[in-house]
Amino acid sequence: MSESESKNIPYVRPDGLRYENLLPVGLKAKKMKKVFRPINTGKYRHDADNKIILELHGDFFLNARNSYLKFKIDTKGLINDNGATPAAKKVRLDGSAHSFIKSIVIRSGSRELERLSNYSLLHSALADMTLNRDYRSTSGSISEGYDDGFGYMAAQTQNVPSGKTQAYTEKMDGVVFDGAADGTDYVFCINILSGIMQANRYLPLLAMRGSSGLQLEIELEDPKVCFVDADHRTSTESDIVNCQYVMQDVEYHAETLHMGQEFNQGFLNMALSQGLQMHCVGYNHGVNHFDGSVGGEHHIGLSHRFRSLKYLFSILRAKGFENKLNNSAITKRLNNGVEAFRYEIGGSKFPEYDVNVKAAANGSGSAESFNQIELMTGKLGDRLNSSIFTRYNWCPPLTKDEATKNNHIQSRFVIGVELETYGNNNVESGISTSDGAPSMDLVVKTSTDAANIEARVDTYACYDFMLNINPDLTASVSF
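Numbering (this note's numbering), first residue to last: 1 to 479.
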């Protein structure tokens, strides 16, 4: 490079030497905590008063990401074997405190904005894929009741400390609830997983006054789904006959931002003249069944119609055992003899080739299916943000008995595929299934292993949608 050329280079100072760049001053505002309680106050059970209704409204902006649902779970005297003198029993929470929730519906006025069906299963799978073991076994175990997802294979002898047996487990197990009269109750604080409640902008509730803000309807999960017999029975039915819990002291602790009157009026004038839009990411749920056919290729029909599908993932569970106390109905996700899979949408294959899977005690052969999950969640290149999956709990081979009974073997397998053009970015670039109603299938190729069983297939479609604040100050969605 010549001297004259070097003189034309626009040299700049690094940020550390830019003393004239002062910190911008934010608008005057006041952050306040508001507590909302259900409009149907009381105690809630799965078998009676099983829905909680919360109404969120006011002249403020809601930071839902920094807000949480607080509740207490009581099982005292509610878990026993129903004998002549009922013996109190213990159950373990399967997954986390989110497992107490069966579904969430978010409305504004009479309009349904978002529905999260089978929420307990959805949250468990997403938590396994995106939360690391350090969080689950430390702060996450306090507020949200997580286990750490750790599990040993029956034949595992590696990494067992000296002097310990094969059954040794040094891990954070799920919260244990006691049915005794003097048992312990637990208080949890959970951040709700929802496209609207996890939006990357403050929710302008002051601009939703036309439909009275937001209403959250929370339905409670069956105790035989969210609990597992703590005795870890493996070959017989649980002897627990009565199993129930009471949820009480429910509160939604909201972080709210209160702006000045001048800002609020300007914001409302903008909404009244042209409306507003916010990008959100939702999850649509569908259920199918797989008959457990041995060998060959099988098509499982799906139906998810959206303008932009970001990704799909499917979960296989033992059919008929989704509400058994001696089976982990939420966290036990089976491979069920699947050796390869793909999704088909309108005749196109996603991915273009079959993804190979191999159930093996040492994790051999399952890396490709795991990498599809890493791609789907945008974590393949992020080595610092790990999940709870290991080569022992990702895709282990299970006998029929192991697939339908609670035991120390963890099986957290998920089938999934990314569908976005630009990957995990804040642009709408997913596959459209809204035009022409294209056919959709999950295609699996199975082994000839006689251990294959009839399975329930839960599929979740992650999709982009827009939350619209209309000029009449009502809310709606478009997708």
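The beta carbon of each residue, even a glycine, is placed where N, CA and C say it ideally should be.
Mind checking who residue i pairs with in its DSSP beta bridge?
i: GLN215; result: GLU55 and ARG107
i: ASN481; result: In the structure as shown, the chain begins at 1 and stops at 479. Residue 481 is therefore absent and cannot be evaluated.
i: THR446; result: GLY296 and VAL338
i: GLU114; result: ILE106
i: MET32; result: THR256
i: GLY555; result: Beyond the ends of the chain as shown, which are 1 and 479, falls residue 555; an answer cannot be given.
i: MET247; result: TYR44 and ILE73
i: LEU312; result: VAL417 and ALA461
i: GLN277; result: ASN468
i: ILE196; result: Answer by DSSP bridge pairing: none, since ILE196 is not bridged.
i: GLU344; result: LYS349 and ASP441
i: ILE431; result: LEU309
i: HIS289; result: ARG456
i: PHE61; result: PRO204 and LEU257
i: LEU220; result: ILE101
i: ASN242; result: ASN80
Out of the options, state which residue places its alpha-carbon closest to the alpha-carbon of residue i.
i: ARG201; options: SER194, PRO438 and PHE61; result: PHE61
i: ASP185; options: GLN248, LEU203 and LYS33; result: GLN248
i: CYS189; options: PRO10, LYS70 and ARG383; result: LYS70
i: THR199; options: THR256, THR85 and HIS279; result: Note on residue identity: the sequence assigns Ala, not Thr, to residue 199. Per the Cα distances, HIS279.
i: LEU214; options: CYS462, THR446 and PHE36; result: PHE36
i: THR399; options: PHE389, LEU384 and ASN452; result: ASN452
i: ILE53; options: ARG107, ARG65 and ALA87; result: ARG107
i: LEU442; options: SER139, ASN132, ILE315 and THR75; result: ILE315
i: GLY416; options: LEU93, ASP458 and ASN40; result: ASP458
i: VAL414; options: VAL338, THR433 and GLY16; result: VAL338
i: PRO86; options: SER447, LEU309, VAL12 and ASP239; result: ASP239
i: CYS226; options: ARG18, ASP134, VAL176 and ARG383; result: VAL176
i: LYS379; options: MET129, GLN261, TYR422 and GLU344; result: MET129
i: GLN410; options: GLN277, MET440 and LYS332; result: LYS332
i: GLY292; options: ASN336, GLU262, ALA271 and GLY260; result: ASN336
Alpha carbon to alpha carbon, how far is residue i from residue j?
i: ASP341; j: VAL357; result: According to the sequence provided, residue 341 is Phe. The question's Asp does not apply to it. Each residue's alpha carbon lies about 8 Å from the other.
i: ASP401; j: PHE321; result: 12 Å
i: SER328; j: SER478; result: 36 Å
i: ALA29; j: ASN63; result: 13 Å
i: PHE290; j: ALA455; result: 5 Å
i: GLY109; j: ASP222; result: 28 Å
i: SER212; j: HIS123; result: 28 Å
i: ILE532; j: ILE469; result: The question about residue 532 has no answer, for the chain in this structure spans 1 to 479.
i: PRO38; j: LYS31; result: 23 Å
i: GLN166; j: ALA360; result: Here the model assigns GLN166 a pLDDT of 45, short of 50, so the residue's position is not dependable, and the following value carries that caveat. The alpha-carbon atoms of GLN166 and ALA360 are separated by roughly 18 Å.
i: LYS102; j: PRO471; result: 34 Å
i: ASP178; j: GLU219; result: 23 Å
i: TYR146; j: ILE388; result: 12 Å
i: LEU205; j: HIS57; result: 6 Å
i: ARG412; j: ILE192; result: 22 Å
i: LYS349; j: LEU126; result: 24 Å
i: ASP435; j: ARG307; result: 8 Å
i: ARG65; j: ALA84; result: 49 Å
i: LYS90; j: ALA230; result: 6 Å
i: SER429; j: ALA180; result: 53 Å
i: ALA207; j: ASN371; result: 42 Å
i: VAL444; j: ASP354; result: 9 Å
i: LYS43; j: VAL246; result: 6 Å
i: ILE79; j: ASN326; result: 14 Å
i: GLY286; j: SER117; result: 9 Å
i: PHE465; j: GLY282; result: 7 Å
i: LEU375; j: ASN269; result: 42 Å
i: ASP74; j: THR138; result: 23 Å
i: LYS164; j: HIS299; result: Reliability fails at LYS164, whose pLDDT of 46 lies under 50, so the model's placement of it is uncertain and no value is given.
i: LEU23; j: ASP182; result: 55 Å
i: LEU131; j: PRO10; result: 44 Å
i: VAL105; j: VAL25; result: 38 Å
i: LEU302; j: SER386; result: 30 Å
i: GLU20; j: VAL12; result: 14 Å
Could you spell out where the alpha helix (DSSP H) holding residue i opens and where it closes?
i: GLN265; result: 261 to 274
i: GLU402; result: 400 to 404
i: GLY174; result: No alpha helix (DSSP H) contains GLY174, which DSSP labels as neither H nor E.
i: TYR119; result: 119 to 130
i: SER141; result: 139 to 143
Taking residue i as part of the beta strand (DSSP E), name the residues at either end of that continuous run.
i: GLU418; result: 415 to 418
i: TYR186; result: 186 to 190
i: ALA475; result: 475 to 478
i: VAL228; result: 227 to 229
Taking 6 Å as the cut-off, does the CB of residue i come closer than this to any heavy atom belonging to the ligand MN?
i: VAL443; result: Ligands displayed in this structure: none; no statement on the ligand MN is therefore possible.
Practice item. At 3 residues or longer, and completely inside the region 64 to 104: list those beta strand (DSSP E) runs for me, N to C. Key: The qualifying runs are 90 to 93.
Point to revise | Continuous beta strand (DSSP E) assignments of at least 3 residues falling wholly in the region 348 to 395 | key: Counting only runs of 3 or more residues that sit fully inside the region 348 to 395, the beta strand (DSSP E) segments are 348 to 356, in chain order.
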